[in-house]
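**Student:**
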Amino acid sequence: MSEPLKFSSKEVKGWLEKETGSIFVPVHEKAQKLIDEMKKVLENVADVCKVLLENSRKEIEKRSRKTYGKARALNKLARLFVKRIRQIEVPDKVSYDSFQDFVQETRKAFVVTEVDIRNWFPRISPFFIMDRRKFLGVFEKAKESLKELQSFLTKEYVKTKTLEETFQIIDNLLVLQGQLADLEAHRKINENEKASIEKEMGETQQKITDLKNRESLAQLNQIGMEIEKLRKEVKHDLRHLRKPFIKFQSQVFRKGGLTPEQLEKLNHYIEDPFDAFAAEKVGYPMLRRILKKLAGSMSEGKLKLKRDRKRKAEQDIDRILGKNSLDALHQKCRETIIRKKQLSTSTETAKIKENLLKLQEELKQLKRKEKRVESEENTTKRKLNETQERIRNQKKEIEKNVFDFMGKRILIEV
Numbered sequence: 159m160s161e162p163l164k165f166s167s168k169e170v171k172g173w174l175e176k177e178t179g180s181i182f183v184p185v186h187e188k189a190q191k192l193i194d195e196m197k198k199v200l201e202n203v204a205d206v207c208k209v210l211l212e213n214s215r216k217e218i219e220k221r222s223r224k225t226y227g228k229a230r231a232l233n234k235l236a237r238l239f240v241k242r243i244r245q246i247e248v249p250d251k252v253s254y255d256s257f258q259d260f261v262q263e264t265r266k267a268f269v270v271t272e273v274d275i276r277n278w279f280p281r282i283s284p285f286f287i288m289d290r291r292k293f294l295g296v297f298e299k300a301k302e303s304l305k306e307l308q309s310f311l312t313k314e315y316v317k318t319k320t321l322e323e324t325f326q327i328i329d330n331l332l333v334l335q336g337q338l339a340d341l342e343a344h345r346k347i348n349e350n351e352k353a354s355i356e357k358e359m360g361e362t363q364q365k366i367t368d369l370k371n372r373e374s375l376a377q378l379n380q381i382g383m384e385i386e387k388l389r390k391e392v393k394h395d396l397r398h399l400r401k402p403f404i405k406f407q408s409q410v411f412r413k414g415g416l417t418p419e420q421l422e423k424l425n426h427y428i429e430d431p432f433d434a435f436a437a438e439k440v441g442y443p444m445l446r447r448i449l450k451k452l453a454g455s456m457s458e459g460k461l462k463l464k465r466d467r468k469r470k471a472e473q474d475i476d477r478i479l480g481k482n483s484l485d486a487l488h489q490k491c492r493e494t495i496i497r498k499k500q501l502s503t504s505t506e507t508a509k510i511k512e513n514l515l516k517l518q519e520e521l522k523q524l525k526r527k528e529k530r531v532e533s534e535e536n537t538t539k540r541k542l543n544e545t546q547e548r549i550r551n552q553k554k555e556i557e558k559n560v561f562d563f564m565g566k567r568i569l570i571e572v
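Following this note's numbering, the numbering of the sequence shown begins with 159 at its first residue and continues without gaps.
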């Protein structure tokens, strides 16, 4: 088997036109000639319809009792014929598809017109006989012209249909390749923009890290870690009192027993033991008052608890009230909170936090920008893949059509 002829997409059309010119050009020229002739024929039909329209109008104006009804029917019919002819679209640029559409559209118009002629011309008789004969003569010539077009379409033009379609596919291929080049350029722009954003994000993240490592913030972070540790200690030391606190809260709501301030503090201890404990004054007097009233309620049997839970709660209350077991922890909590406030309100820390917030906002904006660019990148990649697939398919179709039409194997390269 011989090697296929190789062409670029820009070369193949010129080669194909040269190879098939002797076949395609005469057929295409004849198709254009037939279209132009049929256009004149349709104009003739429209003109003779106008004659019917004008003569019937004149007769209507006479108001003759014999011809008035016939004249109105012919006038209406002539208007319909003119409108129908004017609606036929004559193609500006001839192609197999436009030629076929024109033939089909004209045929439909003529078929309906013939039906109207059979139905209405006998009713108009014997009046306007000369006008009707003239119209029928022109219309019969138009039908003969249409037959010629139909014959040419099915016997001659159809042979070059594949070739004409191939020329169109080549044009489409060139357009697709142009689109592909634009998409490749757009993808490159996206890649550069993404790389620039990633670089800027890295630099911004490094600035954020540097600020966080500044001594005052480092100390603040250390204090934060200490607070988390103390938070766990407070929660652990008061763990046996949580359930009694909740039951006592319900009892106070029903029967009273605490001042509003004490009840508010009890709620605080239930919701956040550390914050409530750290906010106490030296000696945590509010907690002591709450515990004393809780112990009294438990000893009087007003607060119902399981035996083991009650025993543990009583031990903790005794340890806190009698042995001041929380003094050291409370002092640590207070001191840590004070240190945090001092550091948080210092001028240096405030400036660092301000700069940190700005950088974090910049980082958020960069991430949003990165997401947008990634979305565009994905869309571009998808369009690239779709366009490349369409180019491959159209190349194969051109190669197949050339082989089917000419028996020659060709290969379209990039």
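Note that beta-carbon positions come from the ideal geometry of N, C-alpha and C, so glycine has one too. Please read these numbers as outputs of a predicted model, since none were measured by experiment.
What residue does the alpha helix (DSSP H) around Phe-411 start on, and which one ends it?
**Tutor:** Indexing the sequence shown from 1 puts residue 411 at position 253. Where Phe-411 is concerned, the enclosing alpha helix (DSSP H) stretches over 400–413.
**Student:** Going along the chain, which residues of its own chain have a beta-carbon closer than 6 Å to the beta-carbon of Glu-263, five neighbours each way excluded?
**Tutor:** Position 105 of the sequence shown holds residue 263. So the qualifying residues of the chain are Ile-246.
**Student:** Looking at Asn-202: is its Cβ nearer than 8 Å to the Cβ of Asp-289?
**Tutor:** As a first step, residue 202 is located in the sequence shown; it is residue number 44 there, counting from the start. As a first step, residue 289 is located in the sequence shown; it is residue number 131 there, counting from the start. For the pair Asn-202 and Asp-289, the CB atoms are not nearer than the 8 Å cut-off.
**Student:** How do the stretch 249–268 and the stretch 319–327 stand: do at least 3 beta-carbon pairs fall below 8 Å, yes or no?
**Tutor:** The stretch 249–268, when compared against the stretch 319–327, does touch it at the 8 Å Cβ threshold.
**Student:** Can we say the stretch 447–466 touches the stretch 376–392, given the rule of at least three CB pairs closer than 8 Å?
**Tutor:** no
**Student:** Put Lys-151 into one of helix, strand or coil per three-state DSSP.
**Tutor:** What is shown of the chain runs 159 to 572, which leaves residue 151 out entirely.
**Student:** Using a Cβ-Cβ cut-off of 7 Å (strictly less than) and excluding sequence neighbours within five positions of Arg-215, which residues of its own chain qualify?
**Tutor:** Counted from its first residue, the sequence shown places residue 215 at position 57. If we look at Arg-215 and ignore the five residues flanking it on each side, its Cβ neighbours are Asn-233.
**Student:** With respect to the alpha helix (DSSP H) encompassing Lys-164, which residues constitute its N-terminal and C-terminal limits?
**Tutor:** As a position in the sequence shown, residue 164 is number 6, starting the count at 1. Taken as a continuous stretch (DSSP letters only), Lys-164 belongs to no alpha helix (DSSP H), being part of the beta strand (DSSP E) at 163–166.
**Student:** Does the pairing of the stretch 351–364 with the stretch 417–428 give three or more beta-carbon distances under 8 Å?
**Tutor:** The stretch 351–364 vs the stretch 417–428: no contact.
**Student:** Determine the contact status of Asn-348 and Glu-544, defining contact as a CB-CB distance below 8 Å.
**Tutor:** What you label residue 348 is simply residue 190 of the sequence shown in a count that begins at 1. What you label residue 544 is simply residue 386 of the sequence shown in a count that begins at 1. Their beta carbons are not under 8 Å apart, which means Asn-348 does not touch Glu-544 by this criterion.
**Student:** Is the beta carbon of Ile-105 less than 8 Å from the beta carbon of Val-170?
**Tutor:** One cannot answer for residue 105 here, as it falls past the ends of the chain, which runs 159 to 572.
**Student:** Measure how close the beta-carbons of Lys-527 and Leu-331 come, nearest whole angstrom, since I'm counting them as under 8 Å.
**Tutor:** Taking the first residue of the sequence shown as position 1, residue 527 is located at position 369. Taking the first residue of the sequence shown as position 1, residue 331 is located at position 173. That pair is no contact at about 36 Å.
**Student:** Which two residues bound the contiguous beta strand (DSSP E) that contains Ile-568?
**Tutor:** As a working mapping, residue 568 is identified with position 410 in the sequence shown. Taken as a continuous stretch (DSSP letters only), the beta strand (DSSP E) holding Ile-568 covers 568–571.
**Student:** Please state if the CB of Ile-404 and the CB of Leu-524 are separated by a distance shorter than 8 Å.
**Tutor:** Residue mapping note: residue 524 aligns to position 366 of the sequence shown, counting from 1. Residue mapping note: residue 404 aligns to position 246 of the sequence shown, counting from 1. Their beta carbons are not under 8 Å apart, which means Leu-524 does not touch Ile-404 by this criterion.
**Student:** Taking buried to mean at least 16 other C-beta atoms within 10 Å of its own C-beta, is Thr-271 buried or exposed?
**Tutor:** The residue labelled residue 271 in the question sits at position 113 within the sequence shown. Buried, since its Cβ has 16 or more Cβ neighbours within 10 Å.
**Student:** For Asp-430, which of helix, strand or coil comes out of DSSP?
**Tutor:** As a position in the sequence shown, residue 430 is number 272, starting the count at 1. DSSP places Asp-430 in coil when its eight states are reduced to three.
**Student:** Suppose the cutoff is 7 Å on Cβ atoms and the five residues either side in sequence are ignored; what does the same chain contact list for Arg-575 look like?
**Tutor:** Residue 575 cannot be examined here, being either before or after the span of the chain that is shown, 159 to 572.
**Student:** Within the stretch 465–552, note down every full alpha helix (DSSP H) run reaching 4 residues or more, in order along the chain.
**Tutor:** 465–481, 485–502
**Student:** Within 10 Å of its beta-carbon, does Asp-274 have 16 or more other beta-carbons around it, so buried, or fewer, so exposed?
**Tutor:** Residue mapping note: residue 274 aligns to position 116 of the sequence shown, counting from 1. Counting Cβ neighbours within 10 Å, Asp-274 comes out exposed, since fewer than 16 surround it.
**Student:** Assuming Gln-245 is part of the alpha helix (DSSP H), what are its boundary residues?
**Tutor:** For the purposes of this step, residue 245 is identified with residue 87 of the sequence shown, where counting begins at 1. Element bounds for Gln-245: n/a, residue is neither H nor E.
**Student:** Quick test of your reading: Leu-334 and Arg-548, contact by CB under 8 Å. State the CB separation rounded to the nearest angstrom.
**Tutor:** For the purposes of this step, residue 334 is taken as residue 176 along the sequence shown, with counting starting at 1. For the purposes of this step, residue 548 is taken as residue 390 along the sequence shown, with counting starting at 1. Right, their Cβ atoms sit about 6 Å apart.
**Student:** According to DSSP, is Glu-391 part of a helix, a strand, or is it coil?
**Tutor:** Locating residue 391 in the sequence shown gives position 233, counting from the first residue. Note: Glu-391 maps to helix in three-state DSSP.
**Student:** CB of Arg-447 to nearest heavy atom of the ligand ADP: below 7 Å?
**Tutor:** As far as ligands go, the structure on display features none, and thus does not contain the ligand ADP.
**Student:** Taking the CB atoms as reference points, tell me whether Phe-432 and Lys-393 lie closer together than 8 Å.
**Tutor:** Walking along the sequence shown from the start, residue 432 turns up at place 274. Walking along the sequence shown from the start, residue 393 turns up at place 235. Going by C-beta atoms, Phe-432 is nearer than 8 Å to Lys-393.
**Student:** Going by alpha carbons, who is nearest to Asp-395 out of Leu-235, His-488, Lys-292?
**Tutor:** Here residue 395 is taken as the residue at index 237 of the sequence shown, counted from 1. Per the Cα distances, His-488.
**Student:** Return the Cβ separation of Ala-436 and Arg-492 in integer angstroms, given the expectation that the two are a contact with Cβ distance under 8 Å.
**Tutor:** Sequence index remark: in the sequence shown, residue 436 carries index 278 (1-based). Sequence index remark: in the sequence shown, residue 492 carries index 334 (1-based). Their Cβ separation, rounded to whole angstroms, is 6 Å, which keeps Ala-436 and Arg-492 in contact under 8 Å.
**Student:** Roughly how far, in whole angstroms, is the beta-carbon of Val-299 from the beta-carbon of Val-199, given that I think they are within contact range, below 8 Å?
**Tutor:** Sequence index remark: in the sequence shown, residue 299 carries index 141 (1-based). Sequence index remark: in the sequence shown, residue 199 carries index 41 (1-based). It is worth fixing the name first, because residue 299 is Lys in this sequence and not Val. Sure, about 7 Å apart at Cβ, within 8 Å.
**Student:** What span of residues does the alpha helix (DSSP H) with Val-296 cover, start to end?
**Tutor:** In the sequence shown, residue 296 corresponds to position 138, counting from 1. It spans 287–313 - the alpha helix (DSSP H) in which Val-296 sits, taken as one unbroken run.
**Student:** On a Cα-Cα basis, can you pick out the residue from Asp-368, Leu-211, Asp-466 that is closest to Gln-511?
**Tutor:** Here the question's residue 511 lines up with position 353 in the sequence shown. According to the sequence provided, residue 511 is Lys. The question's Gln does not apply to it. The option with the nearest alpha carbon to Lys-511 is Asp-368.
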